[in-house]
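Q:
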Amino acid sequence: MEPTRLPGGLHVYPGGMVPPTSRHAGADMSNEPENPYPGSMPEPPPGDVPPRPVRARGHWPVTWSIIGLCGAGWALQWATWLFTPYDLSSLLGYAPALTQTQPWRMLTSGFVHAMPSPVHLLLNMYTLYLFGRMLEPLLGPWRMTALFLGSVLGGSVGVALWGDPGVLVIGASGGIFGLFGAMFVFIRHFRGSVTPIAVLIGINLVFGFLVAGVAWQAHVGGLVAGALLGVLMLPGLRERA
Numbered sequence: 001m002e003p004t005r006l007p008g009g010l011h012v013y014p015g016g017m018v019p020p021t022s023r024h025a026g027a028d029m030s031n032e033p034e035n036p037y038p039g040s041m042p043e044p045p046p047g048d049v050p051p052r053p054v055r056a057r058g059h060w061p062v063t064w065s066i067i068g069l070c071g072a073g074w075a076l077q078w079a080t081w082l083f084t085p086y087d088l089s090s091l092l093g094y095a096p097a098l099t100q101t102q103p104w105r106m107l108t109s110g111f112v113h114a115m116p117s118p119v120h121l122l123l124n125m126y127t128l129y130l131f132g133r134m135l136e137p138l139l140g141p142w143r144m145t146a147l148f149l150g151s152v153l154g155g156s157v158g159v160a161l162w163g164d165p166g167v168l169v170i171g172a173s174g175g176i177f178g179l180f181g182a183m184f185v186f187i188r189h190f191r192g193s194v195t196p197i198a199v200l201i202g203i204n205l206v207f208g209f210l211v212a213g214v215a216w217q218a219h220v221g222g223l224v225a226g227a228l229l230g231v232l233m234l235p236g237l238r239e240r241a
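In terms of full-length UniProt numbering, the numbers along the sequence shown are unbroken and rise by one, the last being 241.
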């Protein structure tokens, strides 16, 4: 995917990633054996009270909100492209040259995606759904929000450090790589196998380095930011356990 040239010498340079399958999106964070009777729960011993679940199944408000905002952003991109002389990508995307004058773009760039094909948006949102439904019940809504936004910001910092100052970057890939980094930290903390998530991270990093038009700088920056935030959130996980 080649960058799209914009007025003023900027280019649209979307992020990209290879989504995991739902089966291998993450790894168990404990060493407990899998329940051999799906759909059933063993009776607790007399006098024991089963633990209260952290979140009801399917209740991931932050994950769904991010997906909704990105979907709305893509619809607005189409609307502005069809009916106005403006391009929402050029208004909300981030380029290092704009850091001092329009720093908010470091966050807004995570909510617009490449056009006209929906592939960039759909791949990112599918991966966000897979990881959000695992991480949000563990973190709670506030920490989940901080993790995603902090990782988007970290991705933009990566672009500022290693990217072309005149290249406009869009997409939620930095935030999603942050979820990868946090998931790696949490799985390791709970002494689970980190091999599946490590392989997933490796594949996506290689994809970003080899495929033209992919902002690998945002991937690396988001991954590092997510891992650091994950370490900072570990005490909160112990409190919720």
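Backbone N, C-alpha and C define an ideal beta-carbon position, used for all residues, glycine too. What you are looking at is a predicted structure, and each value in this text was computed from that prediction instead of being measured.
At 3 residues or longer, and completely inside the UniProt domain "Peptidase S54 rhomboid" (101-234): list those beta strand (DSSP E) runs for me, N to C.
A: Those beta strand (DSSP E) runs which fall completely within the UniProt domain "Peptidase S54 rhomboid" (101-234) and span 3+ residues are 167-170.
Q: Suppose the cutoff is 7 Å on Cβ atoms and the five residues either side in sequence are ignored; what does the same chain contact list for residue 230 look like?
A: Counting only Cβ-Cβ distances below 7 Å, and skipping sequence neighbours, we find 181, 182, 185, 186.
Q: To which residues does DSSP link residue 86 through a beta bridge?
A: Its beta-bridge partners do not exist; DSSP assigns none.
Q: Should the region 215-231 be regarded as contacting the region 148-168, the criterion being three or more beta carbon pairs within less than 8 Å?
A: The region 215-231, when compared against the region 148-168, does touch it at the 8 Å Cβ threshold.
Q: What does the alpha-carbon distance come out to for the pair residue 112 and residue 128?
A: Distance between the alpha carbons of residue 112 and residue 128: 15 Å.
Q: What separation, rounded to the nearest whole angstrom, lies between the Cα atoms of residue 133 and residue 179?
A: Going by the C-alpha atoms only, they are around 11 Å apart.
Q: Report the rounded CA-to-CA distance for residue 156 versus residue 188, giving the unit in angstroms.
A: So the two alpha carbons sit approximately 26 Å from each other.
Q: To which residues of the same chain is residue 87 closer than 8 Å at the C-beta, ignoring the five residues directly before and after it?
A: Result list for residue 87: 6, 77, 80, 81, in chain order.
Q: If you count every other CB in all the chains shown that lies within 10 Å of the CB of residue 235, and 16 or more means buried, which is it?
A: Exposed: under 16 other Cβ atoms inside 10 Å.
Q: State the Cα-Cα distance for the pair residue 64 and residue 72, rounded to the nearest angstrom.
A: So the two alpha carbons sit approximately 12 Å from each other.
Q: Spatial neighbours of residue 170 within its chain, please: C-beta separation below 7 Å, excluding the five flanking residues on both sides.
A: 12, 14, 89, 93, 109, 112, 113, 114, listed in sequence order.
Q: Let me make sure I understand the geometry here. Which of 225, 105, 165, 210 has the alpha-carbon closest to that of residue 176?
A: Minimum Cα distance to residue 176 is reached at 225.
Q: Do you know offhand how far residue 174's Cα is from residue 209's?
A: Going by the C-alpha atoms only, they are around 14 Å apart.
Q: With DSSP collapsed to three states, give me the class of residue 34.
A: Any reading at residue 34 needs caution, since the residue's pLDDT is 48, under 50, leaving its predicted position unreliable; the model's value is listed next. Here residue 34 sits in coil by DSSP.
Q: What is the rounded straight-line gap between the Cα of residue 131 and the Cα of residue 106?
A: Each residue's Cα considered, the two are about 22 Å apart.
Q: Could you give the C-beta distance for residue 212 and residue 165, rounded to a whole number, given that I count them as a contact under 8 Å?
A: Rounded, the Cβ-Cβ distance is 19 Å, inconsistent with contact.
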